[in-house]
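Comments concern the structure below.
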Amino acid sequence: ERKILSFKERASLCQHPLTKRIFGIMEEKKTNLCVAADVTFCAKLLEIAETVGPHICVLKIHADILEDFNSEFPEKLKDVAKKHNFVIFEDRKFADIGHTVYMQYTKGIHTIVEWADIIDCHPLPGPGILEGLKQAGIKKGRGCLLIAQMSTKGNLVPANYPEATAHFADHHRDFVIGFIGQSRLIPDPTFINFTPGIKLEESSDSLGQQYVTPQEAIQNRGADVIIVGRGITDANDPQATAAEYKKAGFDAYSQLL
Ligand code: S5P
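Under UniProt numbering, the first residue of the sequence shown carries the number 128, and numbering increases by one thereafter.
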């Protein structure tokens with residue numbers, strides 16, 4: 128019995144051009160892997176992007192941990208993204224009032240809106256946060272993920288928060304392209320579900336991070352895209368390990384078709 132729609136079918140249902148594009152990349156490159164490149168120097172990040180580029184649909188970064196961030200870096204990253212056909216996700220986790228997030232998104236040294244295809248925000252402040260981000264993002268075709276749940280031990284996200292988040296997304300379909308969470312919030316196939324906290328073996332780190340396997344995330348929790356950081360970036364051979372995660376993720380998806 129077939130449990131899910133294919134990425135190709137989902138691409139055809141999407142209104143948002145960015146969602147369509149991401150599902151298209153996932154179908155074409157046969158990957159539902161997003162690598163989290165959490166490193167502190169631009170050259171290292173660009174090297175990871177080159178290495179894992181062929182295996183990913185999305186590269187997630189934290190620009191604010193780069194010690195030598197400069198205005199040439201986003202251009203270089205965009206070139207690698209174009210070459211290997213993936214999209215760039217700045218995991219800024221905006222969480223302030225609309226006016227402030229608008230400035231954080233467009234100003235400062237990072238000018239995130241100029242280069243990040245995807246950003247994310249906490250829905251906690253209410254609709255104003257999306258209205259602020261939208262003012263800058265929509266005209267550039269950007270998309271935003273809502274953080275519905277977190278992967279960390281003892282997090283304070285209340286039980287009813289995911290439902291409220293789904294409702295929120297429904298009212299901002301021109302900008303919200305999906306969710307970050309530990310399980311699928313709503314069956315709607317036009318939103319993409321990203322799940323962080325992934326390793327090939329279930330484990331945890333010393334600061335509260337909790338890991339589940341790609342198979343568990345995709346087959347039991349409804350993840351579309353798995354986010355893998357240190358499982359790949361700390362491996363002896365990040366390229367071979369990325370290929371391994373890609374296969375684990377895509378096989379788990381294929382088995383549901
Ligand atoms: O709930 C969350 C949400 C996010 S976006 N838990 C997370 O771990 N993340 C991010 O995913 C986190 O900021 C990091 O960049 C990545 C997980 O990295 P790893 O090294 O633990 O795989």
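Just so you know, even glycine gets a beta-carbon here, dropped at the ideal spot from N, CA and C.
Between which two residues does the beta strand (DSSP E) holding Phe-216 run?
214 to 221
Taking DSSP's pairing of strands, which residues face Ile-246 in a bridge?
Paired residues: Glu-217 and Cys-271.
Any heavy atom of the ligand S5P within a distance shorter than 7 Å of the CB on Asp-165?
yes
How should Phe-168 be labelled, buried or exposed, when 16 other C-beta atoms within 10 angstroms of its C-beta is the threshold for buried?
exposed
Residues bridged to Tyr-338 (per DSSP):
In DSSP, Tyr-338 forms a bridge with Ser-330.
Val-284 (DSSP reduced to helix, strand or coil)
coil
Other residues of its chain near Pro-365: CB distance less than 8 Å, five sequence neighbours each side excluded:
Ile-175, Thr-178, Val-179 and Ile-359
Taking just the CA atoms, how far does Leu-193 sit from Lys-374?
Cα to Cα, Lys-374 sits roughly 30 Å from Leu-193.
With distances taken between CB atoms, is the gap from Asp-297 to Leu-272 smaller than 8 Å?
no
Do you know offhand how far Ala-370's Cα is from Ala-362's?
12 Å
Tell me which residues share the same chain as Thr-238 and place their Cβ nearer than 7 Å to its Cβ, disregarding the 5 neighbours each side in the sequence.
Same-chain partners within the cutoff: there are none.
Straight-line CA distance for Arg-311 to Val-303?
15 Å
Just tell me which of Arg-129, His-189 and Asn-159 has its CA closest to the CA of Ile-345.
Asn-159
Do you know offhand how far Phe-306's Cα is from Glu-199's?
30 Å
Between the alpha carbons of Pro-250 and Ser-331, how many angstroms are there, rounded?
Pro-250 and Ser-331 have their C-alpha atoms roughly 26 Å apart.
For a quick check, are the C-beta atoms of Tyr-372 and Val-355 less than 8 Å apart?
yes
Quick check: the Cα distance between Ala-263 and Phe-216, rounded to an integer number of angstroms?
When rounded, the separation of the alpha-carbon atoms in Ala-263 and Phe-216 is 16 Å.
At which residues does the beta strand (DSSP E) containing Val-185 begin and terminate?
185 to 188
Who are the Cβ neighbours of residue 414 in its own chain at under 6 Å, not counting the five residues just before and after it?
Since the first and last residues shown for the chain are 128 and 384, residue 414 lies out of range.
On the DSSP bridge list, what partners appear for Leu-160?
Ile-353
For His-249, verify whether its CB is less than 7 Å away from any heavy atom of the ligand S5P.
no
Would you mind working out which of Leu-257, Cys-184 and Leu-204 sits nearest Val-228, comparing C-alpha positions?
Leu-257
Near Pro-201, what residues of its chain come up, given a Cβ to Cβ distance below 7 Å and the 5 sequence neighbours on each side ignored?
Glu-241 and Trp-242
Are there any heavy atoms of the ligand S5P lying less than 7 Å away from the beta-carbon of Lys-187, as far as the coordinates show?
yes
So the alpha helix (DSSP H) Val-179 belongs to, where does it begin and stop?
169 to 179
Can you give the Cα-Cα distance for Ile-313 and Ala-293, rounded to whole angstroms?
Inter-residue distance for Ile-313 and Ala-293 is about 7 Å (C-alpha atoms, whole angstroms).
Could you tell me the boundaries of the beta strand (DSSP E) in which Ile-256 lies?
Per DSSP, Ile-256 belongs to no beta strand (DSSP E); it is in the alpha helix (DSSP H), 254 to 264.
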